[in-house]
Each structure stands twice: as C-alpha cells, then as structure tokens.
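Protein sequences appear in the order of chains A and B. The numbering used here puts the first residue of the first sequence at 6, with every later residue one more than the last. The numbering used here puts the first residue of the second sequence at 145, with every later residue one more than the last. Glycine included, each C-beta is placed from N, C-alpha and C at the ideal position. The structure appears right after this line, and notes come after that.
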Amino acid sequence: MAERYTQKGVPGPNAPENTLTIPHLRAAIASGAASAGDVVGQCFRSIRERDGEIHAFLSLCEERAREQAARIDGMAAAGDALPPLAGVPVGIKDVLMVAGLPATAGSRVLEGYVAPYTATAVRRLEEAGAVTLGKLNCDEFAMGSSNENSAYGPTRNPHAPDHVPGGSSGGSAAAVAAGMAVASLGTDTGGSIRQPASFCGVVGLLPTYGRVSRYGLIAFASSLDRIGPLTNSVRDAATVLGVMAGEDPLDATSSAQPVPDYCGLLEREEGVNGLRIGVPAEYFGEGLDPEVRAAAERALDGLREAGAEIKSLALPHTRFAVPAYYLIATAEASANLARFDGVRYGYRAPHAASLSGMYRETRDGGFGAEVKRRILLGTYALSAGYYDAFYKKAQQVRRLLAEDFLRVFGAEVDAIVTPVAPTPAFKLGEKTEDPLAMYLADIYTVTASLAGICGLSVPVGCSAAGLPIGVQVLGTHFDEETVFRVGEAIERG
Amino acid sequence: MQPTPSPLGHQGSATRKEGEDGLVNFAMATASVLPPEILFKYEPVIGLEVHVQLLTRTKAFCGCANQFGAAPNTLICPVCLGLPGALPVLNARAVEFATTAAMAINAQIRETSVFSRKNYFYPDLPKGYQISQFDKPLAEHGWLDVDTPERGRQRIGITRLHMEEDAGKSLHDGVHDSATSTSVDLNRCGTPLIEIVSEPDIRTPDEAYEYLTKLKEILLYTGVSDCNMEEGSLRCDANVSVRPRGQAQFGTKAEVKNVNSFRYIRAALVYEIERQVELLEAGERVVQETRLWNAAEGRTFSMRSKEQAHDYRYFPEPDLPALVVGEEQQARLRAGLPELPEARRARMVAEYGIAAQDAHTLTATRAFADQFETAAKAARSPRRVANLVLGELTSRLKLANLELAQSPVTMAGIAQAADLAEAGELSSKQLKQLFDTAFANKEDFGPVYAREKPQQISDSSEIERMIDEVLRANPKQVEQYRGGKKAVAAFFVGQVMRSSKGQANPALLNALVAKRLESE
C-alpha cells in the first residue's frame, strides 16, 4: 500500500481503478463538464461491450434511462439544485419491483412478469435523481452464494470470468465492478450483498434490519431480508443509504428511527482514533483461507495505525449460526414462495388434470433445484411434530446470537471486523455439487443477518491470483455511522 | 378442474335464497328414526366457531375498500392480491373493533398478541397463507350467559377471540364458463375478521341457537359488524360430539361447516347428533372429520378424508410486529363500549315503567332503541311513546314494508304525538288518522298535525248536548246504569266520541259523562 489518497470521496487503493464515484459524477454534471446523458450512454456502451460475457443484467431499460437522464440534464442546464443522486446510473437486483420493468427474481416461475408498482427503496433512489439502467441477475429468489442458481444463466466475475461473482447479489456486484453501473441495489438475507461485494472488489452494505423499507422486495426470508447498496466507495454507500433509509408506511417492520446525515458525518473526518474494534476469535478459525486471513489482518493493522484499539472478543454462539439461519430462512421461504402457484401470475404448467396437479407441476417446473430444496427444508422445519425441535430451537439460537453481539457492542467494542467469506471467489461449477459446503461458507455473514445488526464489506486488496478480497465491518443496530467510519479508514488503507 | 373445498369453509356464491324469516323448508333426513329414549341416553357436546367480518372502511392489511357486492376483482391492490414484494400493514380500526368485540363478550385482552401465518394452498388464498393469530390470540377467557330452553340460564365459555383476514371467493357457479372452470373473486381477500371460539359448553341445538342469537345481538350493538349472514359477514362452524350421559370424557367430534343461518345450524346439529347416536347404537364409531351441511337435503356429508389432513404449519408472521393493545387503549375502548342489550332492557323497564317484553322489542337493534329512548326522554310519558312505537308505528312500517330508518314519522314526531295524546288534545282515533295521513303522504307527524290539526270539541255545552242525545237514544243502557252497572259509562263515552267523529275532547267528555250520569 504505497500511496494513500486523502481526497474526499475518492476511492483508495483498495478500490478498482478507473472507477466513477457519486461525488465526482455529481460535480461533473453540476459544472457541465459531463451530462447525465453522456454518463448513461457510457454505461450502456460498457454494458454492450462487457455484459455479453459477464451477464450481470437480465433486462435493460435504455429509453427510460435516457428520459431520466434528460430530466437531470434539464435541471442542470436550468441551474436548479441537483438532488443527491443526480444522474447516478444504477442497476437494480431483479428481486426488486420497478413499475413497468420485468421482475423475475432469477426464476422461471416469474418469466415475463412485469412489476405493476415500484419498491419504496427504488422509488426513493429515482426521486433523488438516480437513473435506472436495468435489472440485475441473481440467484433464484436470492437463494445462493454464486449466482449459479439463476434460471437465466450465471453471472461471471469481472476480475476473473471463469470465477463466480458471489451471490445472491452477484449481478449487482459485477455490474459495479465492471463499470457498467456506478451503484446498484442488492439484497442480503444471509450475506448476499457482502459476499459478492467481497468477491468482486466493491463496497457492499447490509443496513440494520428496519432501516430500509422492504416494500417491493420479493421476499425470501422476511425477518432477514434487507436491501442495501453496492458501490465503488464507502462514501457512495453512505450516500445511497441516506436516500433510501427511513420509515415507510407500507412496511410495518421499517423503523421510525431518524436517519442521520451519514455523509456529513464522514465529511467531519473523525477517523477511527479511539474507536474500539473487536476481533472475534470464532471468525478466524479452521477453514479460513490464509490469504483472506492475511487481508483481514492487514485491515486491522491499518486501523491500529489510524489510532483504533483492537480487542479480541468472544461470540460463543457463532457455531450455531449456520444451522439456525438455514432453518429460519427456509421456513420463512416455504411460506413466502407459496404464492407462486400458477393461479394468478407467472408460470403455470399447461395441461394439468386437476388443481393439485396444476400446483405440483407449476412449482416443479417453475422453481430450480436449490429453491425446491429450501422450500422442502422449510416446510419440514415447520411441520407438526418438528416445529419445536427445528424452527423454535433456531429462534432461540437466534436470540442467543443477538445477545452475543449486544453484550459486546457499547460495553466492549464500537465495531467488529471479520472476514466476509472463508475464501476469495471460487470457480464456476466448483461447488454446485455440494450445497452443504456452499451453506457452510456463509458462516461469517449469517450472524449479522440473524442479529439484525448492520455490516459492511470493504475491499482490502487481492489474492495472489488477482481475486479481490473484502473485510467485514459489523456495527450495532442503527449504528451505520460507525461502520462507515471504520469502512472508510480501511478503504484508505 | 374441480377444486377441493376451502378449509376456511368459504364456499361459493351459490347460497340458497332464504324466506323472509330465514326459514327454508327442508326434509329432516333422520327425523324420528330414533326414539326419544334412545336419544336421551346420550348427551351432545357442542362448541361453535363464529367468523365475523368487521365493518371497517378499509381492509385489514391494505387500503382497499372493505365492501360487499362490488364487481368481481375491483377492490384489490398488490397487498391483498399477494403480489410479489407487497407487505401487510395492520388496520388500527380493525384492532379497535376486535378489542371492543372481545370486551363485549367479557374476554380478557392480551396486551401483546402475535399474528401468525396459516399455510395452505387454495386458489382464493393469494399468498398461500392466511394471516391469523395462533398461540397468542388477541383475547381469551370470555363468556356469555345464555337463557336455554332446557337448562335455564347457562354461562357458555368463550375460549378465544382472534383477528385474521378473510380469503377470496371461489365461484363454482354462475360465471359464463362455470361448466369447465372455477372463477376467483378476490374482493373479499383481506377483509378483517374476528373468530370467536366457544368452549364445548353447549348441550343442545336450541342452546346453540340461543348462544348465536345472543352473540349476534351483542356484536350488532357494539357496531363492529353488520352480522349479515346472507352476505357472509357472520359465518358459523360447529363442533359436535355425543357421549353416554354421565360419562366425563368427550366423544369423537365432527366439524360441521357450510351452514349459513342459525336455523340451519340448529337443523344441522339435530341431524348430526342423531347420526352419531345412530352409529354408536349400531356399535360403530364416530369418525373425526369435517362434514358439510347440505341445506337442500337437510343432511351433512363427509368431505373426503384426504382433504382434511391439514398441517397448517403456523409460525409467527415476520412481516408484522407483535400487536400491542396497551392499558391506556384498553381503558379508552372500554369507556367507549355501548350499553349492551341485556343491561339496557333492565334499565328501560326500570326507568320507563314498560313491560319486559316491550323492552325486548324496543331494543331489537341499537338504532331502534336509541331512537326510542330519544323520544321517550323528550316526551312526558315514556310509556305512551313505547305504546305508540310498538303499536301505531311498527304496524304501519310492517304494512308498508319499511325499515325504521325509512319511516316517514320520526321519533320527534312520535314524541309530539305522545304528548298531545297525553294532554288529552288528541283522541286515539284522531291519532290513528294522523298517522295514516303521515304514512300516505310520506310526511312526518309534525307537519301533518300542523296542517290538519283536528278540530277538537272542547265546548262543554256542545258536548253536553251530544251526551243528552246519546242518553235519549239508548234508554236501555241508561236503565242498566241506574241498576248499578257503572261500567256502562264507557259505552256512552264511546257513543259520543263516535257521534262527534272522534273530535270530542276525551278528558272533557269523560268528566261530563260522569257528571251527567251522576244526576241520573
């Protein structure tokens, strides 16, 4: 790490080269140095050049995007104050509704389905001037860690096209990493923003549960699902969160907690001096790739140099997190996916002889193997006679895990730093035959999901093979500010 | 495609049109097969589950209108259609209504209750689950005191009252392609419901009828539902078993669904009890199952057993926070509870000196009772108001086939009429004529009276003249009076009233007749 940038909003050496960030873009549009139309045009050129290989996008809306850009350019020409995301080209994971655009969730069962309304998070982005380029590829119903479960073919890692981009928000990570979008929205249920961000070398934020409205997000596991940004810088993630966050009358689980001025806080450059950073031993044990461990330790060294106090701590229930997660997530999924029954919309099996036959054939033909596996698991976990042993027990574990975190936050540490995933990106097809191994790789991310706390994946360099590696910063409920402060310090190297 | 019946018992639109009194003639399939002494060997045990739609303006979890009878699939949105990404948000008014209903049936409110998902597939259930309450319902441990024909006043326990959403309707008939397919109307999806589950404290079909009648009356008074069974805003399922008298353990129960009137519930229970006794007498066993009532045949039929093997896989609804009805809100709702019918009747008997039976009639609906009381309080004699309402008004409404709300004569008019009659300024005949005119012209009593103010004869000499005429014309009755038959005075009063065409001042007339006869 030879060079250090201190200029505000400029990505540090850990970010990919030649990236465009929101402050730059906004300044360029405001000054007339660039037009939103130019930027959007450049994005679509990049998409045409690269996305044939990467396959980050499932659908594009170029005409709509150009109209949105023209509105921004009109404002800039008129000298109007520009909204915070003026002209920022964004991609939207295909589990989020954008009225008039397809919403497939990466599934055959929603092939051809067009969203009749817009998700609150997307609406807020667009109202803040963001320009939607299209919908992004993902694992079917956000179930997966590699994007190989998309019914429309996998997304490839822009840094190494024979490798996966991670998942389930693989398209969201790859689009930003490949310069096809300046920011994207992903969703994270057990790591689906943080892990692909790590694999693709971009910043990925898991906001606190309730911070961002889920209205318009096709549910996988309602008590775990969160919408968050994937960006080229921590500052950009903070900007996007600031726009999206806040109570929504359409989501009863959204929080009324006031939304702080995240960027204003980062502007004050308080750094991490005096912050207590926890390092849980449970996250650095067996199975952790040495290069990933080294990357995390580098990040911790940097934080120590910047004045943070690094403390080891114990989160003793971590080892139960993966089984608890897969019971709760699949149980909720089994109910959430019941609506895809062929009766009202989406795929319906032709020629079924009876109602129950239509249900069976529709769901058998409409869902992929991983989705069916999870529906079966979840149905089983909720069944009479098994509920107490599985679902109820998992909820008890979830409470203990959350208590682990709440015990240390405030009392012992201000943030926690861990690896995001045990390894850098793996090769396409490498793990598809072993779903259990794929589940176990979620070990470092499902804990924050279960506890409802916030987390950030920040790039910390690359492996010897040139694959990006990220580090995870965890903060307590609604303490995205601290997570951003730590993340920005790591980003500066 | 032949769908299986909904486990909620939401059957199609093909309801049989009931007669005016809700009674449809049907054959009692097992009537008098079993001699009474055999039937009497067994004691029926009955528990009732009542679903009640709440009269909120909008649905339970979205802003769609909660309204019956709109064109199919017009009152819908992403939320009640269960579209991908849509989320429920609980209607605060529905919570108030449910809590009010729970208080009215003496149930204890659970401060923190939890919504759960009840999972099953059915075409009229768009999400594939119903949002309901399971292990932590809104209210528990309620009761109703019911006057039963056989056992006198009985306290029927109410296990629980919980909130849930209604499903849509599957239309198996009456749509253009009904021959080959089933249509779904999702307008009803998300209508707020309360389910009220009784303890198995009911022992006869008549008791079940009385319980339902009382429950409905109370719910109507609270105003939380219109309890209209024909429109499905009140629906009832019955659990029934029989056991040898004296046996503590319950027999195996059957659940009877698809019953859309209280009379049918009674008939279905009569049928079902006899069916079960018959089985036991024949040495067979009752099978635990769901049975559908067929009103046309007057019988219950078994649903095929594979359709009953439901594991609803309840789990807490993650899209909704726990429902908290705090002490303050409870106190506010309790303070807003209306006086319930039983208490009201007792007070009205005491306050107005009216008969218990009249109080019953006057409290048939809260609106009726409210109107009566407004008039009763405004008038000099509440009893006279009661008599006018129950006599002149009710008979004419019935004749004109009008609801009280449609009556041309208002309660203010009734009060005015009562006062005039009480003051002796109107004879009953004049009163009747004025009411007739009011109904014929669709006018209130006031304007009719002002216009037609009957000329009352209050001139003593003129009335005395008419009395003399009547006495002359009826020497035989005068003779009877002289012979000590004083009651004949009323005859003379009546005759004078007649000859005056009802215009003689009744009070004056009475006094003058009495005076005139004394001189005889």
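- DSSP places A:A182 outside any beta strand (DSSP E); the residue lies instead in the alpha helix (DSSP H), whose first and last residues are 175-182.
- For A:G247, the uninterrupted alpha helix (DSSP H) run begins and ends at 239-249, by DSSP.
- The alpha-carbon separation between B:K360 and B:D370 amounts to approximately 9 angstroms.
- Residues of the region 350-363 of chain B that bring their beta carbon within less than 7 angstroms of a beta carbon in chain A are absent altogether.
- For the region 175-197 of chain B, there are no residues whose beta carbon sits under 7 angstroms from a beta carbon of chain A.
- In this structure, the straight-line span from the alpha carbon of B:L356 to that of B:A440 is close to 22 angstroms.
- For the region 204-222 of chain B, the set of positions with a beta-carbon nearer than 7 angstroms to some beta-carbon of chain A reads P222 in chain order.
- Along the region 459-472 of chain B, going in chain order, the ones with a CB nearer than 9 angstroms to a CB of chain A are F459, P460, E461, P462, D463, L464, P465.
- Excluding sequence positions up to five before and after A:A407, its CB lies within less than 6 angstroms of the CB of A456, all in the same chain and listed in chain order.
- In the three-state reduction of the DSSP assignment, B:N331 falls in the coil class, being assigned neither a helical nor a strand state.
- Residues of chain A whose Cβ lies closer than 8 angstroms to the Cβ of B:V233 are, in chain order, P254, L255, D256, A257.
- Ranked by Cα distance from A:R128, the first of A:A91, A:M102, A:F325 is A:M102.
- Interface annotation, B:N263: in contact with chain A, CB-CB separation under 9 angstroms.
- The beta carbon of A:G276 sits closer than 8 angstroms to those of A311, G312, R490, A494, all from its chain and outside the five residues before and after it, given in chain order.
- The region 286-303 of chain B and the region 320-331 of chain B do not touch, with fewer than three beta-carbon pairs separated by less than 8 angstroms.
- Collapsing the DSSP output to three states places A:C205 in a helix.
- Taken in chain order, the complete beta strand (DSSP E) segments of 3 or more residues contained in the region 140-164 of chain A number zero; there are none.
- Take the alpha-carbon of A:R76 and the one of A:A70: they are about 10 angstroms apart.
- Taken through DSSP and simplified to helix, strand or coil, A:C467 comes out as strand.
- Fewer than three beta-carbon pairs drawn from the region 158-168 of chain A and the region 384-394 of chain A are found closer than 8 angstroms, and the two stretches are therefore not classed as touching.
- Inter-residue distance for B:P281 and B:F259 is about 8 angstroms (C-alpha atoms, whole angstroms).
- The shortest CA-to-CA distance from B:R347 to any of B:A426, B:Y365, B:D291, B:K401 is the one to B:D291.
- Nearest to A:L211 by C-alpha distance, out of A:C467, A:S174, A:E132, is A:S174.
- For A:A135, the CB contacts under 7 angstroms within the same chain, skipping 5 residues up- and downstream, are L90, V93, V95 in chain order.
- The beta carbon of A:G139 sits closer than 7 angstroms to those of F62, S64, L65, C66, G96, all from its chain and outside the five residues before and after it, given in chain order.
- Non-local beta-carbon contacts of A:A399 in its own chain, meaning distances under 6 angstroms to residues more than five positions away in sequence, involve A329, L332, I333 in chain order.
- Counting the other CB atoms within 10 Å of its CB gives B:H320 a total below 16, which places it among the exposed residues.
- The beta carbon of B:L183 lies closer than 8 angstroms to those of I417, E418, V421 in the same chain, with the five residues before and after it left out.
- In the DSSP assignment, B:I607 falls within the alpha helix (DSSP H) that extends over 604-617.
- Chain A has a Cβ within less than 9 angstroms of the Cβ of B:D455.
- For B:Q577, the uninterrupted alpha helix (DSSP H) run begins and ends at 572-585, by DSSP.
- The continuous alpha helix (DSSP H) containing A:F49 extends over residues 41-59.
- Relative to B:S405, the option among B:S446, B:Y365, B:R524, B:E354 whose CA is nearest is B:E354.
- Remark: C-beta atoms of A:D484 and A:T213 approach each other more closely than 9 angstroms.
- Ranking A:D43, A:K316, A:V402, A:A224 by CA distance to the CA of A:A326 puts A:V402 first.
- Taking the Cα of A:A416 as reference, the smallest distance to any Cα among A:A470, A:E486, A:L318 is reached at A:L318.
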